[in-house]
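Engineer:
Following this line, the structure appears as structure tokens:
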């Protein structure tokens, strides 16, 4: 039996959380400063057994018709949250903690829906067990591999060739020094790319601003692709810490007739590796993302509900959203 205590994490709590072996960039103080700035409520609690603290659960709470606690929650722009344990913990024990935590959440009337996507739990860990889960497509690069292997694993024609071409053109990848000018240019490039597809920006500029303001330079890597003549032809945003890293947003100016994205993303991968990140997540499985040598897998999202009918209702709503999502984006939803 486990006990749980809802807390407003102090700086000391965050130091412990950020120092755990299973920490990710989405379980850091600066990231939650950003979430609070966009009105996403943190949900952090201690996990205890026999009065001894085992670790923390780090997630989010929102209200979408009903109260929902997730680690993460769709649409917020996070991934890989959940438990941050002070000692290495097996997948079976983690699942057991989540089972009890979900019932505690329901008994305390914090929410009627609880979900968690824990990178320490694989689909094999839940297969055949009495665990309700949804498999989510993922594409991740193992950064424990050496740099030569990482480069060799990428597609030769569509990736390595473009990287070498950009280098021959003298394109330099540098870290941004001015976040304000970076934001202005990145949003302009991002908006141009999206409109060429008949869509609007994925997020308002103000959300990008708050993200950079709260997480740069601690958990956000801002890169610029620069021509020898000084023009910045591409910009990219990548979340990172010693536990994990991920692609967040990249765009380039088509006016110059060059594609610096491959070189810029490659530089992000090796720089995140140098910072100690264990993996690089591409946040989705769009076909172009696989040319970087990532491995496709299905990450189980554990799902608990207080009322069984919510599962069917939510699935129906999700199907409708995915059917009409491009139309919804066009009208700003």
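Numbering (our numbering), first residue to last: 1 to 333.
Just so it is clear, CB atoms sit at the ideal spot from N, CA and C, and this is done for glycine as well.
1) How would you write the range of the alpha helix (DSSP H) that residue 300 sits in, first residue to last?
2) Per DSSP, which one or two residues make a beta bridge with residue 346?
3) Would you please state the rounded distance, in angstroms, between the beta carbons of residue 48 and residue 86? I believe it to be under 8 Å.
4) Would you check if the distance between the CB atom of residue 59 and the CB atom of residue 96 is smaller than 8 Å?
5) Could you check what DSSP says for residue 230 in three-state terms: helix, strand or coil?
6) Could you work out which residue in 202, 271, 128, 198 is closest to residue 186 when comparing CA atoms only?
7) According to DSSP, is residue 55 part of a helix, a strand, or is it coil?
8) Please check the pair residue 45 and residue 15, which I expect to be a contact at CB under 8 Å, by giving their CB distance rounded to whole angstroms.
9) Can you tell me which of the three DSSP states residue 62 falls into?
10) Hey, how far is the Cα of residue 90 from the Cα of residue 99?
11) Can you give me the start and stop residues for the beta strand (DSSP E) that residue 277 sits inside?
12) Identify which residue in 193, 228, 64 has its Cα closest to the Cα of residue 174.
13) Give the list of continuous alpha helix (DSSP H) stretches no shorter than 4 residues that lie fully inside the stretch 134-170.
14) Since residue 26 and residue 210 are thought to touch, with beta carbons under 8 Å apart, how far apart are those beta carbons, to the nearest angstrom?
15) Answer with buried or exposed for residue 152, where buried requires no fewer than 16 other C-beta atoms within 10 angstroms of its C-beta.
16) Which residue marks the beginning of the beta strand (DSSP E) containing residue 116, and which one marks its end?
17) Hey, how far is the Cα of residue 134 from the Cα of residue 285?
18) Would you check if the distance between the CB atom of residue 190 and the CB atom of residue 127 is smaller than 8 Å?
19) Around the Cβ of residue 338, are there at least 16 other Cβ atoms within 10 angstroms (buried) or fewer (exposed)?
20) Identify whether residue 46 lies in helix, strand or coil by the three-state DSSP scheme.
21) Taking only three categories from DSSP, how would you classify residue 249?
22) When you compare the stretch 276-295 with the stretch 101-113, are there three or more beta-carbon pairs, one atom per stretch, that lie closer than 8 Å?
23) Are residue 63 and residue 69 touching if we call contact CB-CB under 8 Å?
24) Compare the Cα-Cα distances from residue 219 to each of 66, 204, 23, 143 and report the closest residue.
25) What does DSSP give as the partner residue(s) for residue 283 in the beta ladder?
26) Between which two residues does the alpha helix (DSSP H) holding residue 11 run?
27) Assign residue 4 to one of three DSSP states: helix, strand, or coil.
28) Just reading off the alpha helix (DSSP H) that residue 213 is part of, what are its end residues?
Structural biologist: Taking the geometry as given:
1) Position 300 of the chain shown, counting from 1, holds the residue named residue 300. That residue, residue 300, is in no alpha helix (DSSP H); its beta strand (DSSP E) goes 295-305.
2) The chain is shown from 1 up to 333; residue 346 falls before or after that span and cannot be answered.
3) Against the chain shown, residue 48 aligns to sequence position 48. Against the chain shown, residue 86 aligns to sequence position 86. The Cβ separation is near 11 Å, so there is no contact.
4) Taking the first residue of the chain shown as position 1, residue 59 is located at position 59. Taking the first residue of the chain shown as position 1, residue 96 is located at position 96. No, the pair does not count as a contact, with Cβ atoms beyond the cut-off.
5) Residue mapping note: residue 230 aligns to position 230 of the chain shown, counting from 1. Residue 230 sits in coil when the DSSP states are folded into three classes, being neither helix nor strand.
6) Locating residue 186 in the chain shown gives position 186, where the first residue counts as 1. Ranked by Cα distance from residue 186, the options 202, 271, 128, 198 are led by 202.
7) If you number the chain shown from 1, residue 55 lands on position 55. In the structure shown, residue 55 sits in a strand (DSSP, three-state: E or B).
8) Taking the first residue of the chain shown as 1, we reach residue 45 at position 45. Taking the first residue of the chain shown as 1, we reach residue 15 at position 15. Not confirmed; about 17 Å, so no contact.
9) Sequence index remark: in the chain shown, residue 62 carries index 62 (1-based). Here residue 62 sits in strand by DSSP.
10) Residue mapping note: residue 90 aligns to position 90 of the chain shown, counting from 1. Residue mapping note: residue 99 aligns to position 99 of the chain shown, counting from 1. Going by the C-alpha atoms only, they are around 14 Å apart.
11) On the chain shown, residue 277 is found 277 positions in, with the first residue counted as 1. Residue 277 -> no beta strand (DSSP E), and no H or E assigned at all.
12) Counting from one through the chain shown, the residue named residue 174 turns up at place 174. In terms of Cα proximity to residue 174, the closest of 193, 228, 64 is 228.
13) 147-152, 161-168
14) Stepping through the chain shown from its first residue, residue 26 is reached at position 26. Stepping through the chain shown from its first residue, residue 210 is reached at position 210. Between residue 210 and residue 26 the Cβ distance is about 16 Å, and since that is not below 8 Å, they are no contact.
15) The residue you call residue 152 lines up with position 152 of the chain shown. Residue 152 comes out exposed.
16) Taking the chain shown and counting its residues from 1, one reaches residue 116 at position 116. Where residue 116 is concerned, the enclosing beta strand (DSSP E) stretches over 113-116.
17) Start at 1 with the first residue of the chain shown, and residue 134 comes out as number 134. Start at 1 with the first residue of the chain shown, and residue 285 comes out as number 285. A direct Cα-to-Cα measurement between residue 134 and residue 285 gives close to 16 Å.
18) Against the chain shown, residue 190 aligns to sequence position 190. Against the chain shown, residue 127 aligns to sequence position 127. No, the Cβ-Cβ distance between residue 190 and residue 127 is not below 8 Å.
19) Nothing in the structure corresponds to residue 338, since the chain is present only between 1 and 333.
20) Against the chain shown, residue 46 aligns to sequence position 46. Strand.
21) Stepping through the chain shown from its first residue, residue 249 is reached at position 249. In this structure, residue 249 counts as strand in the three-state DSSP scheme.
22) no
23) Translated into positions along the chain shown, residue 63 becomes position 63. Translated into positions along the chain shown, residue 69 becomes position 69. Not closer than 8 Å, so no.
24) As a first step, residue 219 is located in the chain shown; it is residue number 219 there, counting from the start. The option with the nearest alpha carbon to residue 219 is 23.
25) Position 283 of the chain shown holds residue 283. None; residue 283 has no bridge partner.
26) Residue mapping note: residue 11 aligns to position 11 of the chain shown, counting from 1. First-last of the alpha helix (DSSP H) with residue 11: 11-18.
27) Sequence index remark: in the chain shown, residue 4 carries index 4 (1-based). Strand, per DSSP.
28) One-based indexing of the chain shown puts residue 213 at position 213. From DSSP, the alpha helix (DSSP H) with residue 213 extends over 205-215.
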